[in-house]
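S.K.: Last residue of the sequence shown: 1456 in my numbering, with the numbers rising by one and none dropped. All C-beta atoms in this analysis are idealised placements derived from N, C-alpha and C, irrespective of residue type, glycine included.
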Amino acid sequence: MRVAVLGASGLIGRDVTAVLSGRGHEVIALTRASGVDAYTGAGLDAALAGVDVIVDAVNSPLQETAAVRDFFGTVAARVRAAAARAGVRHIVLLSIIGIDDTTAGHYAGKLAQEHAYLEGTVPVRILRAAQFHEFTEMMLNWTTVGDTATVPRMRTQLVNARTVAERLADLALAAEAPARLELAGPEALDLVTAVRALAERLGAPARVLESTDDTVPDAALQAGGGLLPGPAAELAGPDFAAWLDEHHPAG
Ligand SMILES: NC(=O)c1ccc[n+]([C@@H]2O[C@H](COP(=O)([O-])OP(=O)(O)OC[C@H]3O[C@@H](n4cnc5c(N)ncnc54)[C@H](OP(=O)(O)O)[C@@H]3O)[C@@H](O)[C@H]2O)c1
């Protein structure tokens, strides 16, 4: 099968590309380096010639709500229109568990992305994943000032990125699949606990604090378990401790 991967140069897109290639399929990387800008639409039609399925694992560093909604909504509208013109069979979208009631930032952008895809004519299979184990690294990068990181209060069920990539590939290749499903790791935990374990393993920062500012949009939802999987979700390892040992071995 010929599968186009949007975001093929990113964290999850690299794994999706490796999984699909490893299973013997042809992968078309839709990246700006290869002449495709999914926001402007440049290069999309040419790149999608002969493509059977699209996996969308695009991302944006934007955080401001209107800007991130515009990015994800515009990209989805361009991709769904180009997919229809190219006769693509279905689109697999990577999204995030629990975003229905979010109002701001990245999560609100992802909701706009889902809605934009669902307005199209090409069938969409949405895999809603929990936060990846690597989210703990991102938190340290984003929030460390001096010797202190401050992470939002969040209940999460961290999932392995490679496991997410495997499921995205499954959804891309399957003849039949549900329109939406959830994938999370095996155990719910407080994000701060996982970030502290990573910081201890790295030897820095010395302190990891938890922010409990309920005036931040969606803070109460995140703190109260709104990002945890529902009862029908698939739960799969490896768990955070195994990821930590593999990626940041002790000693
Ligand atoms: N991190 C988590 O915990 C988590 C959990 C669940 C779901 N997700 C979702 O996973 C998705 C992927 O995240 P990630 O961390 O793997 O992404 P990433 O590493 O930040 O990579 C972003 C990708 O988007 C591509 N891209 C950005 N702007 C583009 C444009 N205008 N045209 C074409 N490609 C563009 C980049 O390609 P080039 O720059 O090479 O063009 C790159 O391949 C996101 O949508 C995120 O919401 C993340």
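At 3 residues or longer, what runs of the beta strand (DSSP E) sit wholly inside the region 1252–1337?
M.R.: Whole beta strand (DSSP E) segments, 3+ residues: 1258–1261, 1295–1301, 1329–1334.
S.K.: Considering only residues of the region 1402–1443, which uninterrupted beta strand (DSSP E) runs meet the minimum length of 3 residues and lie entirely inside it, listed in chain order?
M.R.: 1412–1416
S.K.: With Glu1451 as the anchor, note down where its alpha helix (DSSP H) starts and where it stops.
M.R.: Against the sequence shown, residue 1451 aligns to sequence position 246. Looking at the DSSP string, the run of the alpha helix (DSSP H) that includes Glu1451 is 1445–1452.
S.K.: I'd like the span of the alpha helix (DSSP H) that includes Glu1231, first residue to last.
M.R.: Residue 1231 sits at position 26 when you count from the first residue of the sequence shown. No alpha helix (DSSP H) contains Glu1231, which is instead part of the beta strand (DSSP E) from 1231–1235.
S.K.: How far does the alpha helix (DSSP H) with Ala1374 in it extend, from its first residue to its last?
M.R.: For the purposes of this step, residue 1374 is identified with residue 169 of the sequence shown, where counting begins at 1. Segment 1366–1378, the alpha helix (DSSP H) holding Ala1374.
S.K.: Taking the continuous alpha helix (DSSP H) assigned at Ala1223, which residues delimit it?
M.R.: For the purposes of this step, residue 1223 is identified with residue 18 of the sequence shown, where counting begins at 1. Segment 1216–1227, the alpha helix (DSSP H) holding Ala1223.
S.K.: Please report how far the alpha carbon of Thr1348 lies from the alpha carbon of Gly1255, in whole angstroms.
M.R.: For the purposes of this step, residue 1348 is identified with residue 143 of the sequence shown, where counting begins at 1. For the purposes of this step, residue 1255 is identified with residue 50 of the sequence shown, where counting begins at 1. Looking at the two C-alpha atoms, the distance is approximately 44 Å.
S.K.: Could you pull the start and end residues of the alpha helix (DSSP H) that Glu1342 belongs to?
M.R.: Walking along the sequence shown from the start, residue 1342 turns up at place 137. Glu1342 -> alpha helix (DSSP H) spans 1340–1348.
S.K.: Out of Gly1456, Gln1362, Leu1394, point me to the one whose CA is closest to Ala1441's CA.
M.R.: Here residue 1441 refers to the residue found at position 236 when the sequence shown is read from its first residue. Closest in C-alpha terms to Ala1441, from the list Gly1456, Gln1362, Leu1394, comes Gln1362.
S.K.: Examine chain C for any beta-carbon lying closer than 8 Å to the beta-carbon of Leu1345, and answer yes or no.
M.R.: Here there is only one protein chain, and chain C is not present.
S.K.: Residues in its own chain within less than 8 Å of Val1356 by CB, not counting five upstream and five downstream?
M.R.: Taking the first residue of the sequence shown as 1, we reach residue 1356 at position 151. So the qualifying residues of the chain are Met1344, Thr1348, Leu1396, Val1397, Val1400, Val1413, Leu1414, Glu1415, Ser1416.
S.K.: Spatial neighbours of His1453 within its chain, please: C-beta separation below 6 Å, excluding the five flanking residues on both sides.
M.R.: Start at 1 with the first residue of the sequence shown, and residue 1453 comes out as number 248. Here the set comprises Arg1406.
S.K.: Answer with buried or exposed for Ser1300, where buried requires no fewer than 16 other C-beta atoms within 10 angstroms of its C-beta.
M.R.: Position 95 of the sequence shown holds residue 1300. Ser1300 is buried by the Cβ-count criterion.
S.K.: Starting from Thr1355, trace the beta strand (DSSP E) both ways and give me its first and last residue.
M.R.: Start at 1 with the first residue of the sequence shown, and residue 1355 comes out as number 150. Note, Thr1355: beta strand (DSSP E), 1353–1357.
S.K.: Within this structure, are the beta carbons of Leu1332 and Leu1249 separated by less than 8 Å?
M.R.: Numbered from its first residue, the sequence shown carries residue 1332 at position 127. Numbered from its first residue, the sequence shown carries residue 1249 at position 44. No, the pair does not count as a contact, with Cβ atoms beyond the cut-off.
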